[in-house]
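So the protein lines, in turn, are chains Y and S. Taken in order, the first sequence gives residues 1 to 154; the numbers are from the working numbering. Taken in order, the second sequence gives residues 1001 to 1154; the numbers are from the working numbering. Right, one structure below, let's go through it.
There are 2 protein chains.
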Amino acid sequence: MTNAAGRPGASMQTIPTDECYRLLATHEIGRIGINAEHYPLILPVNYGLDGTTVVVRTRPGTLLRAAPHANVTFEVDEIDRQTRSGWSVLVRGQAEEVGEEHRAELVARTLATGVQPWAPGEHGTWLRLITHDISGRRIVPGELPPAVDPRAYR
Amino acid sequence: MTNAAGRPGASMQTIPTDECYRLLATHEIGRIGINAEHYPLILPVNYGLDGTTVVVRTRPGTLLRAAPHANVTFEVDEIDRQTRSGWSVLVRGQAEEVGEEHRAELVARTLATGVQPWAPGEHGTWLRLITHDISGRRIVPGELPPAVDPRAYR
Chain Y
1 MTNAAGRPGA SMQTIPTDEC YRLLATHEIG RIGINAEHYP LILPVNYGLD GTTVVVRTRP
61 GTLLRAAPHA NVTFEVDEID RQTRSGWSVL VRGQAEEVGE EHRAELVART LATGVQPWAP
121 GEHGTWLRLI THDISGRRIV PGELPPAVDP RAYR
Chain S
1001 MTNAAGRPGA SMQTIPTDEC YRLLATHEIG RIGINAEHYP LILPVNYGLD GTTVVVRTRP
1061 GTLLRAAPHA NVTFEVDEID RQTRSGWSVL VRGQAEEVGE EHRAELVART LATGVQPWAP
1121 GEHGTWLRLI THDISGRRIV PGELPPAVDP RAYR
């Protein structure tokens, strides 16, 4: 079966919320979307999870100047080029710098994620991404296309 | 040798412009950064190149409503989780919908990229991303850290 303009039999599926969080837990590199310098920048970072909250460490720079209290996104995906399939999860939320004003228990939980930056240099600052919404979509090869849900990965 | 807060011997390098374009040509999936719905959204897309111009195909939806004439970004990366290394290239530019007002030669070149959407459904619209700037950075494992260039991946 061939779709109107797609390839034969591929389908796009919405990923349920609990599966989105499960997929987040399987990776350690994601990408922060943040408005800075007149563009919606995309910055790869490694991350950890405190429950369902994404935690990243960063250093003085673009991200730290622009992130606190701003609406940001966080994206993780996995692509299989051979089968032309894969999934993508997108968190929409707000970035919050972890500082002395936070209660000790939250700071301890944040540090307990054990996020270790891959990049060299100073990464002394912790950011938590407060989730407003999480959504995901998956492209599955070789299945009959289901009814398209236009809200998928809204 | 251990960095102040990083891991031993890793280094961050700026990728020269021509190498950024060469890396773009090695992949077929990237991520568009675009402001829509109050967030800097990150949307995975497959893409082709017309020379140094990124070309994507899309269908009616968030991207097509928000992209034309807007400042957008386009990111491609490759991560090696075992060695904790990898590279990332970021294009900053402006999205432009290819339509009848364009000269036939540009339309022909755009279509010649042969971009085939992985996702099913209608993908009748072509977008070109007019590059304003391109930059990249690479994390190399196990080398002595060079002098850090704070302009890297600016």
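From the three backbone atoms N, C-alpha and C, an ideal C-beta is built for every residue, glycine too. Quantities reported herein were computed from a predicted structural model and do not represent experimental measurements.
Check: Taking one C-beta from the region 27-43 of chain Y and one from the region 1076-1091 of chain S each time, how about it: are there three or more such pairs within less than 8 Å?
Finding: yes
Checklist line | Test item: CB-CB of residue 1059 of chain S and residue 1073 of chain S under 8 Å | finding: In the second sequence, residue 1059 of chain S corresponds to position 59, counting from 1. In the second sequence, residue 1073 of chain S corresponds to position 73, counting from 1. Taking 8 Å as the Cβ cut-off, residue 1059 of chain S and residue 1073 of chain S do not qualify as a contacting pair.
Checklist line | Near-chain S residues of the region 30-46 of chain Y (beta-carbon distance less than 7 Å), N- to C-terminal order | finding: 31, 33, 34, 35, 38, 39, 40, 41, 42 and 44
Notebook entry, point to check: Residues in the region 1085-1099 of chain S with C-beta within 9 Å of chain Y's C-beta atoms, listed in sequence order?
Noted result: 1085, 1086, 1088, 1090, 1092 and 1093
Next item on the list: Go to residue 1017 of chain S, then tell me how far its alpha helix (DSSP H) extends in each direction, as first and last residue.
Entry: Working through the second sequence from its first residue, we reach residue 1017 of chain S at position 17. 1017-1024 is the span of the alpha helix (DSSP H), which, as asked, contains residue 1017 of chain S.
Checklist line | Minimum C-alpha distance to residue 1045 of chain S - residue among S/1098, S/1022, S/1075 and S/1013 | finding: Here the question's residue 1045 of chain S lines up with position 45 in the second sequence. Ranking the options by Cα distance to residue 1045 of chain S, first place goes to S/1075.
Notebook entry, point to check: In terms of DSSP beta bridges, what is residue 103 of chain Y paired with?
Noted result: One-based indexing of the first sequence puts residue 103 of chain Y at position 103. In the DSSP output, where bridge partners are listed per residue, residue 103 of chain Y has none listed.
Check: Nearest CA to the CA of residue 1050 of chain S: which residue from S/1107, S/1120, S/1113 and S/1131?
Finding: As a first step, residue 1050 of chain S must be located in the second sequence, where it is residue number 50. It is S/1113 whose Cα lies nearest to the Cα of residue 1050 of chain S.
Item checked: chain S contact for residue 120 of chain Y (CB, 8 Å cutoff) -> For this step, residue 120 of chain Y is matched to residue 120 along the first sequence. Residue 120 of chain Y counts as touching chain S.
Checklist line | Whole-angstrom distance between residue 1105 of chain S and residue 1041 of chain S, CA atom to CA atom | finding: Sequence index remark: in the second sequence, residue 1041 of chain S carries index 41 (1-based). Sequence index remark: in the second sequence, residue 1105 of chain S carries index 105 (1-based). Those two C-alpha atoms are separated by around 32 Å.
Notebook entry, point to check: Of all the residues that make up the region 1112-1139 of chain S, which are near chain Y by a beta-carbon distance shorter than 8 Å?
Noted result: 1116, 1117, 1118, 1119, 1120, 1121, 1122, 1123, 1124 and 1139
Next item on the list: Using the Cα positions of residue 1003 of chain S and residue 1087 of chain S, report the straight-line distance between them to the nearest angstrom.
Entry: Within the second sequence, numbered from 1, the residue matching residue 1003 of chain S stands at position 3. Within the second sequence, numbered from 1, the residue matching residue 1087 of chain S stands at position 87. In this prediction, residue 1003 of chain S scores a pLDDT of 39, lower than 50, which makes its location untrustworthy; the coordinate-derived value is nonetheless stated afterwards. Roughly 20 Å between the two C-alpha positions.
Notebook entry, point to check: Does the Cβ-Cβ distance between residue 1099 of chain S and residue 1020 of chain S come in under 8 Å?
Noted result: Position 99 of the second sequence, counted from the first residue, corresponds to residue 1099 of chain S. Position 20 of the second sequence, counted from the first residue, corresponds to residue 1020 of chain S. Contact: no.
Next item on the list: In angstroms with no decimal places, state the Cα-to-Cα distance between residue 128 of chain Y and residue 1111 of chain S.
Entry: Looking up residue 128 of chain Y in the first sequence gives position 128. Looking up residue 1111 of chain S in the second sequence gives position 111. C-alpha separation (whole angstroms): 43 Å.
Check: The beta strand (DSSP E) with residue 1168 of chain S in it runs from where to where?
Finding: Residue 1168 of chain S cannot be examined here, being either before or after the span of chain S that is shown, 1001 to 1154.
Notebook entry, point to check: Going along chain S in order, which residues have a C-beta closer than 8 Å to the C-beta of residue 67 of chain Y?
Noted result: Residue numbering aside, residue 67 of chain Y sits at position 67 when the first sequence is read from its first letter. Result: empty, since nearest Cβ-Cβ is about 11 Å, beyond 8 Å.
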